[in-house]
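Trainee:
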Amino acid sequence: MLSEAKLMTIKINLLSMIATFVMLMTTMAVKANPVDGILSDCMACHAVSEPSEMTLDERMKRIGPSLFYAGNKYQAIWLEKWLQNPTRLFPAGVYYGEHTVVTDEGDIVLETDLVTHPKLDQQQAQEVTRALFKLKANSEIVADLEVGEIKKVSQRMGSLNFRKFKGCASCHQDAEGDGGVSGPELYTAFERFQLTYLISYMQNPQAWEPKSLMPNQHLKQKDVEKLVGYLKTLSEDKP
Amino acid sequence: MNKLAIVLVTLACVFSSHSQAEPMSGKKLYQAYCAQCHGMEGDGYGINVEFMEVLPRDHTDTEEMSSRTDEDLFKVIKFGGKSIDKSVLMPNWDSILTDDEIDLLVSHLRVLCCEIEEE
Chain A
340 MLSEAKLMTI
350 KINLLSMIAT
360 FVMLMTTMAV
370 KANPVDGILS
380 DCMACHAVSE
390 PSEMTLDERM
400 KRIGPSLFYA
410 GNKYQAIWLE
420 KWLQNPTRLF
430 PAGVYYGEHT
440 VVTDEGDIVL
450 ETDLVTHPKL
460 DQQQAQEVTR
470 ALFKLKANSE
480 IVADLEVGEI
490 KKVSQRMGSL
500 NFRKFKGCAS
510 CHQDAEGDGG
520 VSGPELYTAF
530 ERFQLTYLIS
540 YMQNPQAWEP
550 KSLMPNQHLK
560 QKDVEKLVGY
570 LKTLSEDKP
Chain B
21 MNKLAIVLVT
31 LACVFSSHSQ
41 AEPMSGKKLY
51 QAYCAQCHGM
61 EGDGYGINVE
71 FMEVLPRDHT
81 DTEEMSSRTD
91 EDLFKVIKFG
101 GKSIDKSVLM
111 PNWDSILTDD
121 EIDLLVSHLR
131 VLCCEIEEE
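Those protein sequence lines, which keep their order, are chains A and B.
Taking our numbering, I'd label the letters of the first sequence as residues 340 to 578.
Taking our numbering, I'd label the letters of the second sequence as residues 21 to 139.
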């Protein structure tokens with residue numbers, strides 16, 4: 340039989356365990372951003388609050404890109420328009436391996452396998468955009484970022500740099516249907532993203548998303564500005 | 021004292037159950053990072069090659085791959101094609117992969133090229 344004193348210590352220990360648990364839970368809850376109900380339909384495919392960590396397996400199983408830092412990533416005008424008329428951004432899906440088949444002619448993307456994005460009407464798109472702009476994780480990355488003047492780069496030099504010297508075109512398209520498919524298309528990137536996002540992502544993808552599949556190529560500030568200048572050219576000199 | 025121990029154990033439990041890592045393997049790393057260019061089966065025909073000016077190495081080419089030492093392979097994975105005077109289209113993976121993970125990949129390359137069992 341347990342003595343009275345032993346029972347007492349067990350009770351105290353149990354209580355302290357519960358207290359620790361409650362404390363942990365509340366600190367976790369406070370850390371997460373409050374998320375508008377309107378985004379609940381998105382959660383089946385997107386992370387709308389910051390996960391405490393993500394494993395490689397979880398990254399490979401992800402269906403849509405993370406949205407928990409949407410307020411620091413997109414341009415509101417682009418976002419509202421895209422939600423009403425979504426175009427393909429990831430030509431091979433958010434993790435290419437889920438949609439790739441091996442054939443005698445080499446690996447190909449099963450396009451029929453890709454998600455057709457839900458379409459919102461104008462009012463929904465406005466409300467969702469407002470809700471997404473409250474999601475501001477990663478603010479510390481862009482807070483003190485110095486942005487020099489972004490000059491347009493000639494189409495020819497820009498393309499040479501993007502393809503040959505920096506190798507971005509192995510994974511990204513700089514024109515519709517032209518370029519690698521494992522990463523998101525970049526020919527609308529300049530309208531899609533905030534400038535501070537573009538610059539800091541190129542400098543360090545893992546700062547935004549520890550399990551980003553994009554390698555950090557240790558680009559110098561000047562290189563980044565040239566690449567962004569090329570993306571600017573692409574968006575402003577559209578045929 | 022006793023109570024503190026329990027609290028610590030609880031904490032440890034909460035955190036370990038949280039971050040329980042699934043076993044990492046060279047094959048999984050290859051599927052995540054390399055197959056987009058080198059192919060899901062390592063034959064050099066990944067989904068991106070149509071748009072690349074230099075073709076990714078065929079990792080199933082026994083002769084070619086056998087001529088590289090493990091150190092050669094480790095270096096090109098970590099620091100990229102540039103580091104061995106090859107194409108910059110082979111990226112550097114130093115900020116994504118730990119040295120242990122690169123070792124797993126080197127072992128996996130030996131499976132692909134020469135059917136040597138993974139350790």
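Heads up, the beta-carbon is just placed ideally off N, CA and C, and yes, glycines get one too.
Report buried or exposed for MET382 of chain A, applying the criterion of at least 16 other Cβ atoms within 10 angstroms of its Cβ.
Mentor: Exposed is the call here.
Trainee: Only counting runs of 4 or more residues, tell me where the alpha helix (DSSP H) segments fall wholly within the region 476 to 544 of chain A, in order along the chain.
Mentor: 478 to 482, 494 to 499, 528 to 531, 534 to 542, all fully within the region 476 to 544 of chain A.
Trainee: Beta-carbon separation of VAL467 of chain A and ILE377 of chain A under 8 Å?
Mentor: Going by C-beta atoms, VAL467 of chain A is nearer than 8 Å to ILE377 of chain A.
Trainee: Contact between the region 563 to 576 of chain A and the region 498 to 516 of chain A is defined here as three or more beta-carbon pairs at a separation below 8 Å; is this criterion met?
Mentor: Verdict: yes, contact present.
Trainee: Looking at C-alpha atoms only, which residue of A:THR442, A:TYR526, A:GLN414 is the closest neighbour of GLN494 of chain A?
Mentor: Measuring from the Cα of GLN494 of chain A, the nearest candidate turns out to be A:TYR526.
Trainee: Suppose the cutoff is 8 Å on Cβ atoms and the five residues either side in sequence are ignored; what does the same chain contact list for GLY436 of chain A look like?
Mentor: Around GLY436 of chain A: MET399.
Trainee: If you measure beta-carbon to beta-carbon, which residues of the region 106 to 119 of chain B are closer than 7 Å to chain A?
Mentor: Against chain A - using a Cβ distance shorter than 7 Å - the residues of the region 106 to 119 of chain B are VAL108, LEU109, PRO111, ASN112, TRP113, SER115, ILE116.
Trainee: Give the secondary structure of ASP120 of chain B by DSSP, where H, G and I count as helix, E and B as strand, and everything else as coil.
Mentor: Reduced to three states, the DSSP call for ASP120 of chain B is helix.
Trainee: Per the DSSP calculation, ILE377 of chain A is bridged to which residue(s)?
Mentor: Note: ILE377 of chain A sits in no beta bridge, so no partner.
Trainee: Check whether the region 479 to 489 of chain A and the region 539 to 557 of chain A are in contact - that is, three or more C-beta pairs closer than 8 Å.
Mentor: The region 479 to 489 of chain A, when compared against the region 539 to 557 of chain A, does touch it at the 8 Å Cβ threshold.
Trainee: Between the Cα of ASP443 of chain A and those of B:ALA52, B:SER107, B:LEU132, B:GLY64, spot the shortest distance and give me the residue it belongs to.
Mentor: Checking every option, the nearest Cα to that of ASP443 of chain A belongs to B:GLY64.
Trainee: On a CA-only basis, which of B:HIS79, B:SER103, B:LEU129, B:SER115 is nearest ASP90 of chain B? Give me that one, please.
Mentor: For ASP90 of chain B, the nearest C-alpha among the options comes from B:LEU129.
Trainee: LYS48 of chain B CB to nearest chain A CB: under 8 Å?
Mentor: Yes - at least one Cβ of chain A is within 8 Å of the one on LYS48 of chain B.
Trainee: What separation, rounded to the nearest whole angstrom, lies between the Cα atoms of MET367 of chain A and VAL486 of chain A?
Mentor: With a pLDDT of 46 at MET367 of chain A, under the threshold of 50, the modelled position of that residue is not reliable, and the figure given next carries that caveat. Roughly 34 Å separates the two Cα atoms.
Trainee: Between B:ILE122, B:MET110, B:GLY59, B:LEU125, which lies nearest to GLY506 of chain A when the distance is taken from Cα to Cα?
Mentor: Cα-wise, what sits closest to GLY506 of chain A is B:MET110.
Trainee: If you reduce the DSSP assignment to three classes, tell me which class THR80 of chain B lands in.
Mentor: DSSP places THR80 of chain B in coil when its eight states are reduced to three.
Trainee: Can you give, in chain order, each stretch of the beta strand (DSSP E) that sits fully within the region 422 to 486 of chain A and has at least 3 residues?
Mentor: Runs of the beta strand (DSSP E) inside the region 422 to 486 of chain A: 439 to 442, 445 to 448.
Trainee: Should ILE447 of chain A be flagged as near chain B, meaning a C-beta pair shorter than 8 Å?
Mentor: By this cut-off, ILE447 of chain A is an interface position.
Trainee: Give a yes or no on whether 8 Å exceeds the smallest Cβ distance from LYS577 of chain A to chain B.
Mentor: Cβ-Cβ to chain B under 8 Å: no for LYS577 of chain A.
Trainee: What are the start and end residues of each continuous alpha helix (DSSP H) run of 4 or more residues lying completely inside the region 85 to 133 of chain B, in chain order?
Mentor: Those alpha helix (DSSP H) runs which fall completely within the region 85 to 133 of chain B and span 4+ residues are 90 to 99.
Trainee: Between A:SER391, A:ALA514, A:PHE529, A:LYS559, which has its C-alpha nearest GLN414 of chain A's C-alpha?
Mentor: Minimum Cα distance to GLN414 of chain A is reached at A:PHE529.
Trainee: Reducing DSSP to helix, strand and coil, say where TYR413 of chain A ends up.
Mentor: Residue state, collapsed to three classes: strand.
Trainee: To the nearest angstrom, report how far apart ALA431 of chain A and MET541 of chain A are at their CA atoms.
Mentor: Distance between the alpha carbons of ALA431 of chain A and MET541 of chain A: 20 Å.
Trainee: Expressed to the nearest angstrom, what Euclidean distance is found between the alpha-carbon atoms of GLY101 of chain B and VAL374 of chain A?
Mentor: If I take the Cα positions, the gap works out to 44 Å.
Trainee: What are the residues in the region 372 to 386 of chain A lying within 9 Å of chain B by C-beta distance?
Mentor: Listed by position, the residues of the region 372 to 386 of chain A near chain B (Cβ gap below 9 Å) amount to none.
Trainee: Residues of the region 501 to 533 of chain A in Cβ contact with chain B at a cutoff of 9 Å, in chain order, please.
Mentor: Cβ contacts with chain B: ARG502, LYS503, PHE504, LYS505, GLY506, ALA508, SER509, CYS510, GLN512, ASP517, GLY518, GLY519, VAL520, SER521, GLY522.
Trainee: Let me make sure I understand the geometry here. Which of B:GLY66, B:ILE97, B:GLU83 has the alpha-carbon closest to that of ILE116 of chain B?
Mentor: The residue with the shortest Cα to Cα distance from ILE116 of chain B is B:ILE97.
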